[in-house]
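Peer 1: Line by line, the protein sequences give chains A and B. For any residue, its number in the numbering used here is found by taking its place in the first sequence, counting from 1, and adding 2. For any residue, its number in the numbering used here is found by taking its place in the second sequence, counting from 1, and adding 1121. Could you have a look at this structure, given as structure tokens, before my questions?
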Amino acid sequence: MVRITRAIDFSASLRYRRPELSAAENRRLFGRAAMPHGHNYRLEVTLCGTPDPVSGMVLDLKQLKDLLEREVVARFDHRDLVADTPYFEKEVPTPENFASLLYRLLEAALPSGMLAAIRLYQDPDCFVDVTAPGAGA
Amino acid sequence: MISVTRRYWFPAAHVLRSPALSDAENTALYGKCANPHGHGHNYGLEVSVAGARNSRTGWIVPPETLDALVRERVLERFNHCLLNEDPLFRDLVPSAENIAMVVYRELAAPLAEASGGRLVRVGVIETPRNRFDYEETR
Chain A
3 MVRITRAIDF SASLRYRRPE LSAAENRRLF GRAAMPHGHN YRLEVTLCGT PDPVSGMVLD
63 LKQLKDLLER EVVARFDHRD LVADTPYFEK EVPTPENFAS LLYRLLEAAL PSGMLAAIRL
123 YQDPDCFVDV TAPGAGA
Chain B
1122 MISVTRRYWF PAAHVLRSPA LSDAENTALY GKCANPHGHG HNYGLEVSVA GARNSRTGWI
1182 VPPETLDALV RERVLERFNH CLLNEDPLFR DLVPSAENIA MVVYRELAAP LAEASGGRLV
1242 RVGVIETPRN RFDYEETR
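So this is what it looks like as structure tokens:
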């Protein structure tokens, strides 16, 4: 079993908002995260698998690059996570929720069982890890 | 499993010196790290918390709760100090390994009490080239 990790960078704006709460209540609950702001995200995607006996690769990195471009960059780069995507109408775009969403999107797009883990950096000092069940920490 | 990690920074000094050893033995073991006047690092501290995401806020632990806990229990204690003088290191060499273990023990219970989150790792970045992770064996 080999693990390979590829990183991508993208930037997006967001704000935390529960639709059932007033602006003042959202501000109280979420603090400054309730204000419009943005992050330079870095996503590290870790795959695991057995290298193909002919190519020597778990997955062609070009293929992985294209997949990440389509699934992540095209959807989220230089967009507003709340206004420009359908994913945060009911959920707040915390790094936990965003990482969880990215994990689901990538798991569905990749060959079954290949996704081992992702790490989403919201900034250099805050990141979220999502690990496949049974893949270890 | 999902976990969130926040990283903090504190400059501090330490001396690597074991009371069980003579001066000569300490110098032989720790080299320049045993210099009696100490030396310092910009320590990075990574705190990883696992648990369920709150369905309303989307947080495993509110960042302000975690920040306040780390500030009160660790940063205000260790920031700009000689770690050897802290009671936590009275009988313990303040190696980065031991700093990670000590911080883990300081944070685990109050974190569970304050948030329901589970502390799964404490990482100490001693220099950009050295890092030390402590995880509780489950």
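Ideal Cβ positions, reconstructed from N, Cα and C, are used throughout, including at glycine.
When DSSP labels each residue in this structure, what does Ile-1246 (chain B) get in the three-state scheme?
Peer 2: Translated into the one-based positions of the second sequence, residue 1246 (chain B) becomes position 125. Correct three-state label for Ile-1246 (chain B): strand.
Peer 1: Could you give the DSSP three-state label for Tyr-1225 (chain B): helix, strand or coil?
Peer 2: For the purposes of this step, residue 1225 (chain B) is identified with residue 104 of the second sequence, where counting begins at 1. If DSSP states are grouped into helix, strand and coil, Tyr-1225 (chain B) belongs with the helices.
Peer 1: Specify the secondary structure class of Tyr-1129 (chain B) as computed by DSSP and reduced to three states.
Peer 2: Taking the second sequence and counting its residues from 1, one reaches residue 1129 (chain B) at position 8. Of the three classes helix, strand and coil, the one that applies to Tyr-1129 (chain B) here is strand, per DSSP.
Peer 1: Output yes if chain B places a C-beta closer than 8 angstroms to the C-beta of Leu-108 (chain A); else output no.
Peer 2: Translated into positions along the first sequence, residue 108 (chain A) becomes position 106. No, because no Cβ of chain B sits closer than 8 angstroms to the Cβ of Leu-108 (chain A).
Peer 1: Less than 8 angstroms between the C-beta atoms of Pro-97 (chain A) and Val-130 (chain A), yes or no?
Peer 2: Numbered from 1 along the first sequence, position 95 holds the residue referred to as residue 97 (chain A). Numbered from 1 along the first sequence, position 128 holds the residue referred to as residue 130 (chain A). Yes, these two residues count as a Cβ contact at 8 angstroms.
Peer 1: DSSP state of Ala-139 (chain A), grouped into three classes?
Peer 2: Position 137 of the first sequence, counted from the start, is the residue given in the question as residue 139 (chain A). Here Ala-139 (chain A) scores only 44 on pLDDT, less than 50, and its place in the model should not be relied on; the value that follows carries that caveat. Three-state result, Ala-139 (chain A): coil.
Peer 1: In whole angstroms, what is the alpha-carbon distance linking Glu-1146 (chain B) and Arg-1194 (chain B)?
Peer 2: The count along the second sequence starts at 1 and reaches residue 1146 (chain B) at position 25. The count along the second sequence starts at 1 and reaches residue 1194 (chain B) at position 73. Cα to Cα, Glu-1146 (chain B) sits roughly 34 angstroms from Arg-1194 (chain B).
Peer 1: Between Val-94 (chain A) and Arg-19 (chain A), which are expected to be in contact by the criterion C-beta below 8 angstroms, what is the C-beta distance as a whole number of angstroms?
Peer 2: Start at 1 with the first residue of the first sequence, and residue 94 (chain A) comes out as number 92. Start at 1 with the first residue of the first sequence, and residue 19 (chain A) comes out as number 17. Correct: roughly 7 angstroms between the Cβ atoms.
Peer 1: Nearest-angstrom Cα distance between His-39 (chain A) and Val-1241 (chain B)?
Peer 2: Sequence index remark: in the first sequence, residue 39 (chain A) carries index 37 (1-based). Sequence index remark: in the second sequence, residue 1241 (chain B) carries index 120 (1-based). Straight-line Cα distance between these residues: approximately 29 angstroms.
Peer 1: Can you check whether the CB of Gly-1238 (chain B) is closer than 8 angstroms to the CB of Val-1170 (chain B)?
Peer 2: On the second sequence, position 49 is the one that residue 1170 (chain B) refers to. On the second sequence, position 117 is the one that residue 1238 (chain B) refers to. Cβ distance < 8 angstroms, so Val-1170 (chain B) and Gly-1238 (chain B) count as in contact.
Peer 1: With three or more C-beta pairs closer than 8 angstroms as the rule, is the segment 1142-1160 of chain B touching the segment 68-77 of chain A?
Peer 2: With a cut-off of 8 angstroms, the segment 1142-1160 of chain B and the segment 68-77 of chain A do not count as touching, because too few Cβ pairs lie within range.
Peer 1: Which ranges does the beta strand (DSSP E) cover as unbroken runs of at least 3 residues, wholly within the segment 39-93 of chain A, from first to last along the chain?
Peer 2: Complete beta strand (DSSP E) runs here, min 3: 39-51.
Peer 1: Which partner residues does His-1158 (chain B) have in the DSSP bridge list?
Peer 2: Along the second sequence, read from residue 1 onward, the residue named residue 1158 (chain B) stands at position 37. Its beta-bridge partners do not exist; DSSP assigns none.
Peer 1: Considering only the alpha carbon of each residue, which of A:Ala-119, A:Pro-55 and A:Asp-82 lies closest to Phe-12 (chain A)?
Peer 2: Residue numbering aside, residue 12 (chain A) sits at position 10 when the first sequence is read from its first letter. That would be A:Asp-82, whose Cα lies nearest to the Cα of Phe-12 (chain A).
Peer 1: Spell out the partners DSSP gives Asn-1163 (chain B) in its beta bridges.
Peer 2: Sequence index remark: in the second sequence, residue 1163 (chain B) carries index 42 (1-based). The partner list for Asn-1163 (chain B) (beta bridge, DSSP) reads B:Pro-1132.
Peer 1: What does Arg-20 (chain A) reach in chain B if we use C-beta pairs closer than 9 angstroms?
Peer 2: The residue you call residue 20 (chain A) lines up with position 18 of the first sequence. What Arg-20 (chain A) touches in chain B: Arg-1177 and Thr-1178.
Peer 1: Quick one: grab the DSSP three-state call for Tyr-18 (chain A).
Peer 2: Translated into positions along the first sequence, residue 18 (chain A) becomes position 16. Coil at Tyr-18 (chain A), not helix or strand.
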